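Asker: Each protein sequence line maps, in turn, to chains A, B and C.
The numbering of the first sequence is our numbering, which starts it at 1 and goes up by one.
The numbering of the second sequence is our numbering, which starts it at 265 and goes up by one.
The numbering of the third sequence is our numbering, which starts it at 529 and goes up by one.
Provided herewith is a single structure, encoded as structure tokens, for subsequent inquiry.
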Amino acid sequence: MNTQPVDFSGALTAAALHHLRSAHPLVHCLTNDVVQSFTANVLLAIGASPAMVVDPGEAAQFAAIADALLVNVGTLTQPHVEAMLAAVHSANLAGKPWVLDPVAVGGLSLRTEFSLELIQLTPAAIRGNASEIRALSGMSSTGRGVDSGDDSLSALPAARQLAQQTGAIVAVTGDIDYVTDGARCLAVRGGDALMTRVVGTGCALSAVVAAFVALPGDRLENVAAACRVMSCAGELACQQVRGPGSFTPVFLDTLYLLNGEALQ
Amino acid sequence: MNTQPVDFSGALTAAALHHLRSAHPLVHCLTNDVVQSFTANVLLAIGASPAMVVDPGEAAQFAAIADALLVNVGTLTQPHVEAMLAAVHSANLAGKPWVLDPVAVGGLSLRTEFSLELIQLTPAAIRGNASEIRALSGMSSTGRGVDSGDDSLSALPAARQLAQQTGAIVAVTGDIDYVTDGARCLAVRGGDALMTRVVGTGCALSAVVAAFVALPGDRLENVAAACRVMSCAGELACQQVRGPGSFTPVFLDTLYLLNGEALQ
Amino acid sequence: MNTQPVDFSGALTAAALHHLRSAHPLVHCLTNDVVQSFTANVLLAIGASPAMVVDPGEAAQFAAIADALLVNVGTLTQPHVEAMLAAVHSANLAGKPWVLDPVAVGGLSLRTEFSLELIQLTPAAIRGNASEIRALSGMSSTGRGVDSGDDSLSALPAARQLAQQTGAIVAVTGDIDYVTDGARCLAVRGGDALMTRVVGTGCALSAVVAAFVALPGDRLENVAAACRVMSCAGELACQQVRGPGSFTPVFLDTLYLLNGEALQ
């Protein structure tokens with residue numbers, strides 16, 4: 001029987017972040033063209049190490065070396081499909097976790113078919129908005145582009161079903177983020193509407209999820225910690241800025257300086 | 265008979281921006297590798313919604329859904345040609361406007377031939393610097409790279425001719441921007457030389473033009489409003505910064521906060 | 529016989545930067561997907577002019593027109609290989625200098641084999657970290673990703689050997705940068721550890737090296753001047769910021785405003 005969502009603890013987030021900064025995980029990012037630089041800078045700011053290696057042969061080599069892999073289908077093309085499959089198979093063989101960000105899955109054919117193929121390949125985690133998680137789970141969606149037309153809570157049943165079906169931790173993000181393993185569910189609060197005016201905050205969160213799933217321990221809690229690190233830093237940054245331009249530098253500084261006190 | 269350029273009104277710009285923020289147009293961007301993130305952030309700051317969908321099949325699907333399409337040839341390759349043609353044909357079938365940014369057209373073969381092909385496909389607007397507009401119109405150009413070697417006023421006859429030939433609104437931008445439908449011509453002042461030290465300000469303007477041509481009303485005025493929003497925010501931002509690095513966050517904040525008072 | 533490293537002079541750096549700002553070199557960048565925008569903005573800030581032209585045919589045309597070419601293999605794919613070879617051959621035919629940044633060369637096959645092929649094609653300069661320079665020189669390396677596991681001084685013998693073998697100026701960068709033509713060696717101090725938390729600072733340095741090798745005069749000194757401009761601006765910027773987010777705008781402003789006084 002499904003439990004009700006429980007608010008995730010700041011103390012556990014602080015402990016996971018502390019662990020991450022010691023482990024300094026190397027995250028192999030196969031992500032979209034728009035957010036490459038921001039994604040890398042977010043990973044560097046939290047203390048992880050990003051690398052974008054995109055040739056199919058090299059991607060297979062590198063996925064076995066890195067600590068985790070991110071697959072984001074935001075600007076998917078046929079050559080990316082080949083590289084992503086090579087990397088996912090290699091990560092699986094090497095026992096390395098990988099994370100799927102199903103950007104705008106639902107209405108667009110190539111990414112939707114490919115993402116439905118990918119979820120058969122044992123992702124460690126899937127991070128999307130409500131319409132993306134609904135679409136992956138086979139439920140209907142109202143999204144037109146990358147912005148979700150659905151509320152994250154309403155997609156929680158779809159998230160639980162997707163988690164049960166794939167074995168992945170599923171994070172459906174929105175005003176409140178819900179993280180589930182199909183049975184348990186953690187709720188993560190924070191963030192700010194201004195973050196939706198900055199490209200790549202969701203995509204970068206998926207990369208941070210990849211960094212955190214490289215850690216040992218309870219994977220459900222590690223994914224929730226990733227969400228909480230980003231929502232906490234986002235909320236703190238938004239209190240200090242006038243708009244989406246000044247958000248980016250302040251957000252990266254805040255991630256870099258984030259400590260247990262702020263998280264609790 | 266051609267009329268003399270007339271200064272475009274701040275009140276009309278404010279009205280168009282107000283309209284844009286209500287309409288929240290979804291802009292499909294097929295743009296170059298260098299400016300993807302900045303372009304998306306500029307569109308988000310003004311209240312539009314960007315999406316980069318680049319696979320040929322998906323680009324065709326998405327161009328029919330989006331409110332406008334941007335085609336920027338700055339880092340054109342053969343695969344981009346295929347996706348851009350698919351998107352343009354789909355946009356035309358669906359009755360959605362599309363905008364061409366002919367980056368560095370003139371000396372380089374692939375983009376020049378392709379852009380000459382594209383202008384036969386009824387763009388709603390074309391935005392370029394003087395040497396690019398001259399090159400597209402068949403007149404000679406002195407540009408070597410993406411920076412124009414020509415003055416925007418001297419390219420106005422070329423712009424008028426290109427507008428008459430294609431049916432597009434043509435914006436030739438520089439110290440002063442001129443926007444013409446082949447007969448009428450609006451002049452847009454503002455901006456600052458510092459903006460030429462920040463990559464992507466011209467490319468992002470073309471994306472903003474795409475957002476504004478999605479609005480109903482006089483398309484000539486809508487394109488001029490796009491130019492004025494960017495030149496006004498650029499000028500205001502430059503008054504507050506020490507150099508091109510601090511320009512970007514302040515510019516995005518200024519776009520986000522821009523109101524009728526500042527525009528008039 | 530090899531001379532000991534000599535600290536490079538601030539006065540020579542200031543003179544080279546002054547020269548660069550008058551010459552305004554056009555730098556053709558074939559670089560990785562992650563750092564395109566930052567690279568362009570760094571070149572614009574120092575007074576050079578960037579252009580990314582990536583189709584193989586256009587890359588060959590443009591390399592003959594530009595003042596220098598950068599080849600960075602950070603996100604190498606087979607289509608990039610073709611464009612890079614076309615551009616390098618064209619630059620060589622036209623007598624234009626080109627610079628190699630062998631990102632993460634060592635463990636990954638495509639880039640390693642390709643970079644070993646490229647160094648036969650008379651690069652003007654090669655800029656890498658210790659593990660990359662060791663790998664190119666045939667000595668063993670400990671790097672796992674783009675971060676070097678080696679100390680720059682320990683790689684100086686490899687750098688000298690690589691310079692002798694290729695005729696290139698080799699810059700091995702780290703806490704201290706060493707620049708050698710195989711006999712002479714200049715040491716460049718400055719920078720800050722925070723710069724390793726910002727993606728693209730090394731890649732952008734290679735683009736700046738390309739801008740400086742377009743200048744006449746002693747190429748060894750010009751490469752050292754490029755390193756010193758970046759390390760000086762980086763050090764000054766780090767004194768003013770709280771973290772890696774605010775670093776980027778302040779760094780670009782500092783490059784833009786950098787003068788002889790600061791460099792000496």
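C-beta: ideal position from N, C-alpha, C; glycine also.
Predicted model, so just to flag it, every value in this text is computed and none were measured.
(1) For the pair the region 642 to 657 of chain C and the region 78 to 89 of chain A, tell me if three or more CB-CB distances fall below 8 Å.
(2) Assuming residue 34 of chain A contacts residue 75 of chain A (C-beta within less than 8 Å), just tell me the rounded distance between them.
(3) Look at the alpha carbon of residue 398 of chain B and the alpha carbon of residue 370 of chain B, and state the distance between them as a whole number of angstroms.
(4) For chain C, find out if any of its Cβ atoms is closer than 9 Å to the Cβ of residue 11 of chain A; answer yes or no.
(5) Expressed to the nearest angstrom, what Euclidean distance is found between the alpha-carbon atoms of residue 725 of chain C and residue 617 of chain C?
(6) By DSSP, does residue 191 of chain A sit in helix, in strand, or in coil?
(7) Could you check where the alpha helix (DSSP H) with residue 524 of chain B kicks off and where it finishes?
(8) In whole angstroms, give me the CA-to-CA distance for residue 542 of chain C and residue 55 of chain A.
(9) Are the C-beta atoms of residue 373 of chain B and some chain C residue less than 9 Å apart?
(10) Hey, how far is the Cα of residue 217 of chain A from the Cα of residue 181 of chain A?
(11) So for residue 577 of chain C, helix, strand or coil by DSSP?
(12) To the nearest whole angstrom, what separates the beta carbons of residue 256 of chain A and residue 607 of chain C, a pair I think is in contact under 8 Å?
(13) Measure how close the beta-carbons of residue 137 of chain A and residue 118 of chain A come, nearest whole angstrom, since I'm counting them as under 8 Å.
(14) Do you know offhand how far residue 672 of chain C's Cα is from residue 637 of chain C's?
(15) Taking the C-alpha atoms as reference points, what is the distance between residue 265 of chain A and residue 749 of chain C?
(16) Under 9 Å, CB to CB, which of the residues in the region 295 to 324 of chain B have a partner in chain C?
(17) Please list, in chain order, the residues of the region 645 to 669 of chain C that have any C-beta partner in chain A closer than 8 Å.
(18) What does a CB cutoff of less than 6 Å around residue 597 of chain C pick up in its chain, not counting 5 residues either side in sequence?
(19) Nearest to residue 12 of chain A by alpha carbon, out of A/188, A/115 and A/160?
(20) Select from C/697, C/694, C/572 and C/705 the residue whose C-alpha is nearest the C-alpha of residue 682 of chain C.
(21) Counting only Cβ-Cβ distances shorter than 7 Å, please list the residues of the region 240 to 255 of chain A near chain C, keeping chain order.
(22) What does a CB cutoff of less than 7 Å around residue 264 of chain A pick up in its chain, not counting 5 residues either side in sequence?
(23) In three-state DSSP terms, what is residue 536 of chain C?
(24) Suppose contacts are defined by Cβ-Cβ distances below 9 Å. Is residue 430 of chain B in contact with residue 503 of chain B by that definition?
(25) Between residue 169 of chain A and residue 183 of chain A, what straight-line distance do the alpha-carbon atoms span, to the nearest angstrom?
(26) Counting only runs of 4+ residues fully inside the region 346 to 383 of chain B, write out the alpha helix (DSSP H) ranges in chain order.
(27) Which residues share a DSSP beta bridge with residue 391 of chain B?
(28) Keeping to the same chain, check which residues put their C-beta closer than 6 Å to that of residue 283 of chain B; ignore five residues upstream and five downstream.
(29) Using three-state DSSP, classify residue 250 of chain A as helix, strand or coil.
(30) So that I know if they touch, is there some Cβ in chain C lying closer than 9 Å to that of residue 247 of chain B?
(31) Does the separation of the CB atoms of residue 522 of chain B and residue 491 of chain B fall below 9 Å?
(32) What residues from chain B crowd round residue 536 of chain C, counting only those whose CB sits closer than 8 Å?
(33) Which chain A residues are close to residue 357 of chain B, counting only those with a beta carbon under 9 Å from its beta carbon?
(34) Chain A partners of residue 326 of chain B, CB-CB under 9 Å?
(35) Examine chain B for any beta-carbon lying closer than 9 Å to the beta-carbon of residue 174 of chain A, and answer yes or no.
(36) So, for residue 57 of chain A: in the same chain, excluding its five sequence neighbours on each side, which residues have a beta-carbon less than 8 Å away from its beta-carbon?
Answerer: With the structure as the only source:
(1) no
(2) In the first sequence, counting from the first residue as 1, residue 34 of chain A sits at position 34. In the first sequence, counting from the first residue as 1, residue 75 of chain A sits at position 75. Yes, residue 34 of chain A and residue 75 of chain A are in contact; Cβ-Cβ is about 7 Å, under 8 Å.
(3) Here residue 398 of chain B is taken as the residue at index 134 of the second sequence, counted from 1. Here residue 370 of chain B is taken as the residue at index 106 of the second sequence, counted from 1. Residue 398 of chain B and residue 370 of chain B: Cα-Cα distance of roughly 8 Å.
(4) Counted from its first residue, the first sequence places residue 11 of chain A at position 11. It does not: the Cβ of residue 11 of chain A has no partner Cβ on chain C nearer than 9 Å.
(5) Mapped onto the third sequence, residue 725 of chain C falls at position 197. Mapped onto the third sequence, residue 617 of chain C falls at position 89. Roughly 35 Å between the two C-alpha positions.
(6) For this step, residue 191 of chain A is matched to residue 191 along the first sequence. Three-state DSSP puts residue 191 of chain A in coil, outside helix and strand.
(7) Here residue 524 of chain B is taken as the residue at index 260 of the second sequence, counted from 1. Here the alpha helix (DSSP H) through residue 524 of chain B covers 524 to 527.
(8) By one-based count along the third sequence, residue 542 of chain C stands at place 14. By one-based count along the first sequence, residue 55 of chain A stands at place 55. Looking at the two C-alpha atoms, the distance is approximately 40 Å.
(9) Indexing the second sequence from 1 puts residue 373 of chain B at position 109. Residue 373 of chain B counts as touching chain C.
(10) On the first sequence, position 217 is the one that residue 217 of chain A refers to. On the first sequence, position 181 is the one that residue 181 of chain A refers to. Computed Cα separation, rounded: 14 Å.
(11) Locating residue 577 of chain C in the third sequence gives position 49, where the first residue counts as 1. Note: residue 577 of chain C maps to strand in three-state DSSP.
(12) In the first sequence, counting from the first residue as 1, residue 256 of chain A sits at position 256. In the third sequence, counting from the first residue as 1, residue 607 of chain C sits at position 79. Incorrect: roughly 36 Å between the Cβ atoms, too far for contact.
(13) Residue 137 of chain A sits at position 137 when you count from the first residue of the first sequence. Residue 118 of chain A sits at position 118 when you count from the first residue of the first sequence. 14 Å between Cβ atoms; not a contact.
(14) Residue 672 of chain C sits at position 144 when you count from the first residue of the third sequence. Residue 637 of chain C sits at position 109 when you count from the first residue of the third sequence. For residue 672 of chain C, the predicted structure reports a pLDDT of 49, less than 50, and the residue's modelled location is therefore unreliable. The matter cannot be settled from this model.
(15) Any property of residue 265 of chain A remains undetermined from this structure, which presents chain A solely from 1 to 264.
(16) Cβ contacts with chain C: 296, 297, 298, 299, 300, 301 and 302.
(17) none
(18) For the purposes of this step, residue 597 of chain C is identified with residue 69 of the third sequence, where counting begins at 1. Only 556, 591, 615, 619 and 626 meet the Cβ criterion.
(19) The count along the first sequence starts at 1 and reaches residue 12 of chain A at position 12. Selected option, being the one with the closest Cα: A/188.
(20) Position 154 of the third sequence, counting from 1, holds the residue named residue 682 of chain C. Considering only alpha carbons, the answer is C/705.
(21) Per Cβ criterion, the list reads 248, 249, 250, 251, 252 and 253.
(22) Within the first sequence, residue 264 of chain A is the residue found at index 264, counting from 1. Same-chain partners within the cutoff: 10, 11 and 14.
(23) Along the third sequence, one-based indexing puts residue 536 of chain C at 8. Coil, per DSSP.
(24) Here residue 430 of chain B refers to the residue found at position 166 of the second sequence. Here residue 503 of chain B refers to the residue found at position 239 of the second sequence. Not closer than 9 Å, so no.
(25) Within the first sequence, residue 169 of chain A is the residue found at index 169, counting from 1. Within the first sequence, residue 183 of chain A is the residue found at index 183, counting from 1. Their backbone Cα atoms lie some 10 Å apart in a straight line.
(26) 373 to 382
(27) As a first step, residue 391 of chain B must be located in the second sequence, where it is residue number 127. Looking at the DSSP assignment, residue 391 of chain B forms a beta bridge with B/435.
(28) Taking the second sequence and counting its residues from 1, one reaches residue 283 of chain B at position 19. Within the same chain, residue 283 of chain B has close Cβ partners 479.
(29) Here residue 250 of chain A refers to the residue found at position 250 of the first sequence. Helix at residue 250 of chain A.
(30) The first residue shown for chain B is 265 and the last is 528, placing residue 247 of chain B beyond what the model contains.
(31) Counting from one through the second sequence, the residue named residue 522 of chain B turns up at place 258. Counting from one through the second sequence, the residue named residue 491 of chain B turns up at place 227. Taking 9 Å as the cut-off, the Cβ atoms of residue 522 of chain B and residue 491 of chain B do not count as close.
(32) Taking the third sequence and counting its residues from 1, one reaches residue 536 of chain C at position 8. Result: empty, since nearest Cβ-Cβ is about 25 Å, beyond 8 Å.
(33) On the second sequence, residue 357 of chain B is found 93 positions in, with the first residue counted as 1. Ordered by position in chain A, no residue passes the 9 Å Cβ test against residue 357 of chain B, which lies about 17 Å from the chain.
(34) Taking the second sequence and counting its residues from 1, the one referred to as residue 326 of chain B is at position 62. Here the neighbours are 104, 107, 108 and 145.
(35) Here residue 174 of chain A refers to the residue found at position 174 when the first sequence is read from its first residue. With 9 Å as the cut-off, residue 174 of chain A does not count as an interface residue toward chain B.
(36) For the purposes of this step, residue 57 of chain A is identified with residue 57 of the first sequence, where counting begins at 1. Cβ neighbours of residue 57 of chain A beyond the five flanking positions: 86.
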